[in-house]
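Let me begin by presenting the structure, written as structure tokens, before commenting on it.
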Amino acid sequence: MPAIVTEHVIEHATGIYIGLLLLACLVGILTRRFAHVPYTTALILVGLGVSLLDLGPEIAGTGFSRELIFFVMLPPLLFQGALHMQLNRLMQHFWPILTFAILGVLISTLVIGGLFYWTAGVGSFLLALLFGAMITPTDPVSVLALFRECNAPPDLKYMVEGESLFNDGTGVVIFTIILEMIVEGQSFHAGAAVLEFAKVTAGGLILGAVLGWIAFTVMGRFHDHLLENAICLVLAYGSFWLAEFVHVSGVIATVVSGLMIGNYGRRLSMDRKTRETVETFFESTDFLINSFLFILIGIELQTISGEHLLANLRPLGVAVAALLVSRTITVYPLYSILNLAGTQRPRNWSHVLFWGGLRGSIPIALLLGLPAHPAIDEYRTTFLVAGFGVVFFSLVVQGLTMKPLLRWLGIGAGPPTPHGAD
3 MPAIVTEHVI
13 EHATGIYIGL
23 LLLACLVGIL
33 TRRFAHVPYT
43 TALILVGLGV
53 SLLDLGPEIA
63 GTGFSRELIF
73 FVMLPPLLFQ
83 GALHMQLNRL
93 MQHFWPILTF
103 AILGVLISTL
113 VIGGLFYWTA
123 GVGSFLLALL
133 FGAMITPTDP
143 VSVLALFREC
153 NAPPDLKYMV
163 EGESLFNDGT
173 GVVIFTIILE
183 MIVEGQSFHA
193 GAAVLEFAKV
203 TAGGLILGAV
213 LGWIAFTVMG
223 RFHDHLLENA
233 ICLVLAYGSF
243 WLAEFVHVSG
253 VIATVVSGLM
263 IGNYGRRLSM
273 DRKTRETVET
283 FFESTDFLIN
293 SFLFILIGIE
303 LQTISGEHLL
313 ANLRPLGVAV
323 AALLVSRTIT
333 VYPLYSILNL
343 AGTQRPRNWS
353 HVLFWGGLRG
363 SIPIALLLGL
373 PAHPAIDEYR
383 TTFLVAGFGV
393 VFFSLVVQGL
403 TMKPLLRWLG
413 IGAGPPTPHG
423 AD
């Protein structure tokens with residue numbers, strides 16, 4: 003009997019996830035054929051439609067859990083983002099990227115958390131900070147597509163992409179530290195949090211670099227595109243799992259291992275066929291996971307009654323306002339200080355960095371991955387509504403107005419930049 007029950011559960015879960023994949027493919031077809039809007043923007047609209055029209059299936063009993071989000075969906079997203087980043091170009095923008103990815107994330111978390119605590123009715127400052135950390139990581143996919151279309155300067159592209167890649171890492175690290183404090187019933191201590199941040203970040207960086215070096219060294223011994231792609235997949239998941247097992251940052255380890263493969267493995271260990279196989283595989287995986295995340299958040303929202311949705315409109319408005327305030331406080335002063343310190347870049351790029359800080363798959367993944375805990379459960383609905391509202395505003399309002407902003411600022415001219423070109 004237990005075997006029959008298990009078989010039924012697997013069959014049920016497989017059917018649901020294949021159905022969600024079919025929906026994602028239909029969205030992609032319609033977007034390409036008719037809508038001409040970024041795919042992530044279309045997905046967030048579909049997620050909203052699933053929620054409002056109550057179209058989503060019941061996913062209880064399908065294996066959907068925090069562990070599925072963190073240990074299955076998150077590592078390939080992070081690895082794929084790092085795979086295409088060129089270290090030599092990143093190093094040209096080292097100080098701006100480092101400043102925005104560390105100091106900027108800390109400021110944003112504090113500003114969003116503080117505003118959410120004082121004006122949204124959240125009774126715990128630590129929980130408000132958790133929300134701030136959740137919605138701080140940026141997602142440049144839609145913006146970078148517009149950059150290619152408008153032939154924006156490569157240096158601006160690398161600043162936006164580099165900030166996003168590393169603030170994903172620091173944002174998730176901060177989120178994890180705060181979450182552990184909440185789950186373990188600790189009070190917030192800035193000094194202890196900073197030390198923990200430094201420890202897990204440094205540990206993840208070292209572990210990711212070592213594992214990445216081992217992987218591309220092994221790959222250099224032979225030329226088999228399928229086997230090398232499998233090694234990259236094992237590296238993406240293995241670096242994350244091993245880092246979490248030894249209590250350092252899995253996010254940082256995965257990002258660094260992806261950078262190692264993308265910059266050294268691709269050049270020293272892979273032939274052309276292997277590069278094409280690895281890049282296509284992880285791009286396809288990224289497409290699938292993003293699709294699942296945006297549709298799953300819509301399914302989660304449909305469980306919230308209309309009464310509770312209306313009750314959380316104020317926190318939603320506060321969250322969107324906090325997003326814009328935090329981005330203003332983060333971008334303009336830091337950009338001006340960096341220029342005064344010698345990293346001279348056009349003044350109007352700061353407007354692109356401000357408005358182009360879109361939120362996407364990482365905040366959605368963190369929202370969906372919130373564990374069951376009495377303190378969190380009390381505000382889970384508020385977090386889901388406000389977090390979804392922030393991502394919706396970001397992708398729809400900011401995303402669809404980026405092209406007119408670039409045109410108004412006079413950034414980019416000439417034919418579109420080919421995908422993957424500098």
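In my numbering, the protein residues as written are 3 to 424.
Note that the Cβ used here is the ideal one computed from N, Cα and C, for glycine as well.
Just so you know, these numbers come straight off a predicted model, no measurement behind them.
Might you give, ordered along the chain, the residues of its own chain that have their beta carbon closer than 6 Å to the beta carbon of residue i, omitting 5 neighbours on each side?
i, result
"Arg91", "Tyr160"
"Glu198", "Ile179"
"Asn292", "Ser363"
"Arg329", "Phe356, Gly359"
"Tyr266", "Phe218"
"Leu158", "Trp351"
"Val280", "Asn231, Cys234"
"Phe72", "Gly371"
Between residue i and the rest of its own chain, which residues show a CB-CB distance below 8 Å, the 5 nearest in sequence each way excluded?
i, result
"Leu270", "Phe218, Gly222"
"Gly412", "Asn350"
"Arg277", "Arg268"
"Arg382", "Leu372"
"Lys201", "Val250"
Determine the burial state of residue i: buried for a count of at least 16 other Cβ atoms within 10 Å of its Cβ, exposed for fewer.
i, result
"Phe247", "exposed"
"Val354", "buried"
"Trp410", "exposed"
"Val185", "exposed"
"Leu228", "exposed"
"Thr172", "buried"
"Cys27", "exposed"
"Glu165", "buried"
"His191", "exposed"
"Val7", "Note that Val7 scores 45 on pLDDT, short of 50, meaning its location in the model is unreliable; the coordinates nonetheless yield the value given after this. Exposed."
"Leu312", "exposed"
"Val387", "buried"
"Ile99", "buried"
"Asp424", "Unreliable placement is indicated for Asp424, whose pLDDT of 45 sits below 50; no coordinate value is reported for it."
"Phe149", "buried"
"Phe96", "exposed"
Indicate whether residue i and residue j have their beta-carbon atoms separated by less than 8 Å.
i, j, result
"Thr384", "Asn314", "yes"
"Val258", "Ala195", "no"
"Glu163", "Met262", "no"
"Asn153", "Val107", "no"
"Leu408", "Asp141", "no"
"Pro40", "Asp288", "no"
"Gly83", "Leu181", "no"
"Ala245", "Leu209", "yes"
"Gly193", "Ile254", "no"
"Thr43", "Val398", "yes"
"Leu295", "Ile366", "yes"
"Val48", "Ile299", "no"
"Val333", "Ser352", "yes"
"Leu213", "Ser251", "no"
"Leu76", "Gly260", "no"
"Gly344", "Leu369", "no"
"Leu128", "Met183", "yes"
Which residues in the same chain have their Cβ closer than 7 Å to the Cβ of residue i, if we skip the five residues on either side of it in sequence?
i, result
"Ala324", "Val113, Ile114, Leu117, Phe118"
"Thr111", "Leu131, Gly134, Ala135, Thr138, Ile176"
"Trp357", "Gln400, Met404, Leu407"
"Val322", "Gly391, Val392, Phe395"
"Ile331", "Ile109, Val113"
"Val52", "Gly58, Ile297, Gly300, Ile301, Gln304"
"Arg316", "Ala122"
"Val29", "Ala44, Leu45, Val48"
"Ala103", "Glu165, Phe168, Asn169, Thr172"
"Phe284", "Pro78, Phe81, Gln82, Leu85"
Can you tell me which of the three DSSP states residue i falls into?
i, result
"Thr138", "coil"
"Ile306", "coil"
"Asn153", "coil"
"Gln346", "coil"
"Arg91", "helix"
"Glu186", "coil"
"Phe425", "Residue 425 cannot be examined here, being either before or after the span of the chain that is shown, 3 to 424."
"Gly401", "helix"
"Gly412", "coil"
"Ala44", "helix"
"Glu165", "helix"
"Tyr381", "coil"
"Ser126", "coil"
"Leu57", "coil"
"Val29", "helix"
"Val212", "helix"
Could you give the uninterrupted runs of the beta strand (DSSP E) lying entirely in the stretch 245 to 304, keeping only those of 3 residues or more? none
Counting only runs of 4+ residues fully inside the stretch 310 to 374, write out the alpha helix (DSSP H) ranges in chain order. 315 to 342, 351 to 357, 363 to 370
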